[in-house]
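All remarks here apply to the structure that follows.
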Amino acid sequence: MKDTLLKPLTNEDLEIFKKEFEDFLPYEIIDSHVHLWERDIFVKTITKERLDQNPALDSEIVDGFRIEDFKKFVKEAFPGKKYEGIFFGLPVKEADLDICNKYVSDACKKSDSYGLFNPTADLKEIPSGFFKDRFIGFKPYPDLVDYKAPEDFSKLNIDVSMFDFISRTVFEFCQEYGLILLIHIPRAGRLNDRRNIEEIKTMGKKYPNIKIILAHAGRSYCYSDINESIKYLKEIKNLYVDTAMINSFSVNKVLLEELGPDRLLYGSDLPIALLKGKNIDINNRHYFVTATPKTWSLSSSKMDLNSFTYFIYEIIRALKISVRSLNLGKRDVENIFYGNCNNMIKEIKGNF
Ligand SMILES: [Zn+2]
9 MKDTLLKPLT
19 NEDLEIFKKE
29 FEDFLPYEII
39 DSHVHLWERD
49 IFVKTITKER
59 LDQNPALDSE
69 IVDGFRIEDF
79 KKFVKEAFPG
89 KKYEGIFFGL
99 PVKEADLDIC
109 NKYVSDACKK
119 SDSYGLFNPT
129 ADLKEIPSGF
139 FKDRFIGFKP
149 YPDLVDYKAP
159 EDFSKLNIDV
169 SMFDFISRTV
179 FEFCQEYGLI
189 LLIHIPRAGR
199 LNDRRNIEEI
209 KTMGKKYPNI
219 KIILAHAGRS
229 YCYSDINESI
239 KYLKEIKNLY
249 VDTAMINSFS
259 VNKVLLEELG
269 PDRLLYGSDL
279 PIALLKGKNI
289 DINNRHYFVT
299 ATPKTWSLSS
309 SKMDLNSFTY
319 FIYEIIRALK
329 ISVRSLNLGK
339 RDVENIFYGN
349 CNNMIKEIKG
359 NF
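So the mapping is simple: the numbering used here equals the position in the sequence shown, first residue as 1, plus 8.
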């Protein structure tokens, strides 16, 4: 991790924490969406196009985010809180997943935490020692499917089925032990693509014990991504969403109103959330806005954008506003930031 990203918090940032979050946040927090890796996971060259389009491969981030970096940042950004994480690697096609998973497992053992295993799209055998290595679920990723779409370098919009990148072995093992399956949904239409909805419904029915979590609430950074589709998701009883990189009050409000606070898990997407900026929607499309100009964001080299704060603070800010607007209580806030995730961990631990 570049020192530029882990430099001490500014007084303005500390002020935000004190004024807006110190009393609002519970003492214990579990961040359900944290990537950890070291530079040595990359065994294939990352092309310039890929570097330019994928925020996780940004030059400030790509060198890695170690457990020590995580601890250092959260200690400073959340003073006085006990901030822990559910960890997993960076499952991109240039990475060696064995090295990724080994690093996550070691980091979890070191920090008394739990992690999610990054499986290949065709994983046929669950590694021995899965639970001993502190895994409580999986984080599959559409990027790992061998799919020929050279024009779409980020591959996050690729037109594949979730059943193409999550193997039957993974589904059945998750079902047997009631594990977490954190899914980054494919396809450009996101939750507005009925095929995605049908697949999630099929999964929910066929594997009722799996704790299906949609990463980034199904990549719903815009209100228009979720306001129609939520009615289909609602009925899937074993479905949850995480808030990773969601900076939108209206998205959170829909999620809280329709799914309720017990199916929302606070997640950040560190280390991307360590950048300064905000996700916005303009005319129903999502854009990253960053303080430092990036090839994948809106920014300005001419304007002074030093007053920006971390994406992670914008995530919490958007949650706070939606919680307040719905008059939710302290108990609900505790569940979103800690209880829901902690209950999952407890339950899973009881199953193995
Ligand atoms: Zn992520």
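C-beta atoms are modelled at their ideal positions from N, C-alpha and C, and glycine is treated no differently. Every value quoted in this text rests on a predicted model; they were computed, and no experiment measured them.
Relative to ligand 1, D277 has its C-beta within less than 6 Å of a heavy atom. In the same chain as V42, and ignoring 5 residues on each side of it, the C-beta atoms closer than 7 Å to its own belong to F78, G93, I94, F95, S276, L278, in chain order. Excluding sequence positions up to five before and after D201, its CB lies within less than 6 Å of the CB of R195, all in the same chain and listed in chain order. Excluding the 5 residues flanking it on each side, G186 has same chain C-beta neighbours closer than 8 Å at N217, I218, K219, E355, I356, N359, in chain order.
Along the length of the stretch 64-122, whole alpha helix (DSSP H) runs at least 4 residues long occupy 75-85, 105-119, reported in chain order.
With at least 16 other beta carbons inside 10 angstroms of its own, N343 counts as buried.
Scanning the stretch 167-212 from its first residue to its last, the whole alpha helix (DSSP H) runs of 4-plus residues come out as 170-173, 176-185.
Assignment of beta strand (DSSP E) within the stretch 232-276, counting only whole runs of 3 or more residues, yields 247-250 in chain order. In the DSSP annotation of this structure, Y35 is not part of any beta strand (DSSP E), being labelled neither H nor E.
When the Cα atoms are used, Y346 and L306 turn out to be separated by approximately 33 Å. Ranked by Cα distance from E23, the options C108, P301, D104, E84 are led by E84. Excluding sequence positions up to five before and after I234, its CB lies within less than 8 Å of the CB of L199, A225, G226, S228, V259, V262, L263, all in the same chain and listed in chain order. When DSSP states are grouped into helix, strand and coil, L278 belongs to the strand group.
The residues N260, in chain order, have a CB closer than 6 Å to that of L327 in the same chain once the five nearest residues on each side in sequence are set aside. For Y295, same chain residues with a beta-carbon under 8 Å away, outside a window of 5 residues either side, are N287, I288, D289, S305, L306 in chain order. In the DSSP assignment, L44 falls outside any beta strand (DSSP E) and carries neither an H nor an E. For I329, the enclosing alpha helix (DSSP H) stretches over residues 319-333.
In the assembly as shown, D312 is an exposed residue. Its beta-carbon has fewer than 16 other beta-carbons within 10 Å. Counting C-beta pairs with one atom in each stretch, the stretch 317-324 and the stretch 230-244 have fewer than three that are closer than 8 Å, which means they do not touch.
For the set N292, N291, K284, S309, the Cα lying nearest the Cα of T298 is the one of K284.
Boundaries for L131: no alpha helix (DSSP H) harbours it, and the DSSP string shows neither H nor E there. Contact holds between the stretch 141-155 and the stretch 113-122, because three or more Cβ pairs, one in each stretch, are under 8 Å apart.
Beta-carbon to beta-carbon, I37 and K90 are separated by about 7 Å, close enough to satisfy the 8 Å threshold. Residue environment for N204: buried (at least 16 other C-beta atoms within 10 angstroms of its C-beta). With contacts defined by Cβ atoms closer than 7 Å, I75 and A115 form a contacting pair. The C-beta of G72 has 16 or more other C-beta atoms within 10 Å across all chains shown, which makes the residue buried.
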